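These notes concern the structure reproduced below.
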Amino acid sequence: MNEKYIEQKLRLAVKAAGGLALKFVSPEFNGVPDRIVLMPGGYIVFAELKAPGKKMRLLQERRKRQLESLGFKVYLIDNPEQIGGMIDEIQRT
Numbered sequence: 856m857n858e859k860y861i862e863q864k865l866r867l868a869v870k871a872a873g874g875l876a877l878k879f880v881s882p883e884f885n886g887v888p889d890r891i892v893l894m895p896g897g898y899i900v901f902a903e904l905k906a907p908g909k910k911m912r913l914l915q916e917r918r919k920r921q922l923e924s925l926g927f928k929v930y931l932i933d934n935p936e937q938i939g940g941m942i943d944e945i946q947r948t
């Protein structure tokens, strides 16, 4: 199983829940999470996707902390089974 497979599962699950999982690219700001997840009700979270067992790079960890310090939730997803829990958590908010 690779990162691309997990990313596809995330997009489909978020779409089924009525949201969007948009590719997040910031040309002058490296290390941002892979996807910005927009859910009904105005909820915005970020998702960093990795192949099973892979870790975030140091810069990615720094960006995660930076986004969290602004009040955003950032999920590290390295297994498709984590996706449902993420969506449930967002919807309970």
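Per our numbering, residue 856 is the first one in the sequence shown, and the count goes up by one each step. All C-beta atoms, glycine included, are put in the ideal place defined by N, C-alpha and C. Just so you know, these numbers come straight off a predicted model, no measurement behind them.
Are residue i and residue j closer than 9 Å when you measure CB to CB?
i      : j      : result
Leu877 : Leu893 : yes
Val884 : Phe901 : Before going on, a small fix: residue 884 reads as Phe here, not Val. No, the Cβ-Cβ distance between Phe884 and Phe901 is not below 9 Å.
Pro882 : Val929 : no
Between the Cα of residue i and the Cα atoms of the options, which residue gives the shortest distance?
i      : options                        : result
Met856 : Lys870, Gly874, Val869, Lys909 : Lys909
Leu931 : Ala906, Val869, Gly873         : Ala906
Ile945 : Glu858, Asp933, Ile891, Ser924 : Ile891
Gln921 : Gly886, Asn934, Gln863, Gly873 : Gly886
Lys859 : Gly873, Gly897, Asn934         : Asn934
Gly926 : Ile899, Met911, Ile942         : Ile899
Gln863 : Glu903, Pro895, Thr948         : Glu903
Is the CB of residue i under 9 Å away from at least one CB in chain C?
i      : result
Ile891 : Protein chains in the displayed structure number just one, and chain C is not present.
The alpha helix (DSSP H) spanning residue i covers which residue range?
i      : result
Val869 : 858–871
Glu944 : 936–947
| message | Quick test of the definition: if touching needs 3 or more C-beta pairs under 8 Å, does the segment 914–921 touch the segment 934–942? | response | no
| field | Runs of beta strand (DSSP E) wholly within the segment 890–915 (minimum 3 residues, chain order) | value | 890–894, 898–904
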